[in-house]
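As structure tokens, the structure follows; a few thoughts come after it.
In the numbering used here, the protein residues as written are 6 to 190.
Okay, here's the thing in structure tokens:
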């Protein structure tokens, strides 16, 4: 759980540290606003992805399921700056599927944590494998990192792409290629 009072005190210290007057009209309520915002954007910390992936339906066929272009917003744990983009999640069922919104909710659970993209990609794949027990999973995340575009090297528009493969996708280049083709379509 987010400790509202600690966040407010920390924001006050930060504002003072950068030379701001915490009593200035525009800043008086900022510590409270930041505490509420952190509660929202870090709400995935204590959330179990299994709660979303537990609703399953039986199917006769085991054809690839892909939910692509799942927009997400996350926060880099290195600079506490946003990174955002799209996640693409595919799996080969093992006689059961989950609702499509459940894949998007799973992405959100991991995005709403202090995070690095590479870890988030793997966590999504591992959660789908663990809770759906599919034959395989493939996840690709494409994101723009504000720590790269707003500060440091200042390269706006650059994207970082990370991929995680599990199960049958690991050995089957044809499946991987089909995934990439479907994501591009």
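Note that beta-carbon positions come from the ideal geometry of N, C-alpha and C, so glycine has one too.
Since we're looking at a predicted model, the values are computed, not measured.
Residue 77 vs residue 150 beta-carbon contact at 8 Å: no
Residue 138 to residue 170 span [Cα, whole Å]: If you take the alpha carbons of residue 138 and residue 170, they lie about 14 Å apart.
Neighbourhood of residue 114 by C-beta distance below 6 Å, restricted to the same chain and skipping five residues each side: 49, 52, 54
Alpha-carbon spacing of residue 144 relative to residue 107, whole angstroms: 15 Å
The segment 98-112 contacting the segment 58-78, beta-carbon criterion three pairs below 8 Å: yes
Bounding residues of the alpha helix (DSSP H) (the contiguous stretch that carries residue 9): 9-22
Identity of the residue in 83, 31, 134 nearest residue 96 by Cα: Out of 83, 31, 134, 134 has the C-alpha closest to the C-alpha of residue 96.
Beta-carbon spacing of residue 62, residue 7 below 8 Å: no
Exposure label - residue 98; buried when at least 16 CB within 10 Å: buried
Range covered by the alpha helix (DSSP H) that runs through residue 129: From DSSP, the alpha helix (DSSP H) with residue 129 extends over 122-137.
Simplified DSSP assignment, three categories, for residue 26: coil
Which listed residue (122, 175, 179, 164) has its alpha carbon closest to that of residue 142: It is 175 whose Cα lies nearest to the Cα of residue 142.
Residue span of the alpha helix (DSSP H) that contains residue 114, given as start and end: 105-116
Spatial distance of residue 130 from residue 11 (CA atoms): 34 Å
Inter-residue Cα distance where the pair is residue 172 and residue 13: 45 Å
Span of the beta strand (DSSP E) around residue 90: 87-97
For residue 47, three-class secondary structure by DSSP: Correct three-state label for residue 47: coil.
Residue 37 vs residue 27 beta-carbon contact at 8 Å: no
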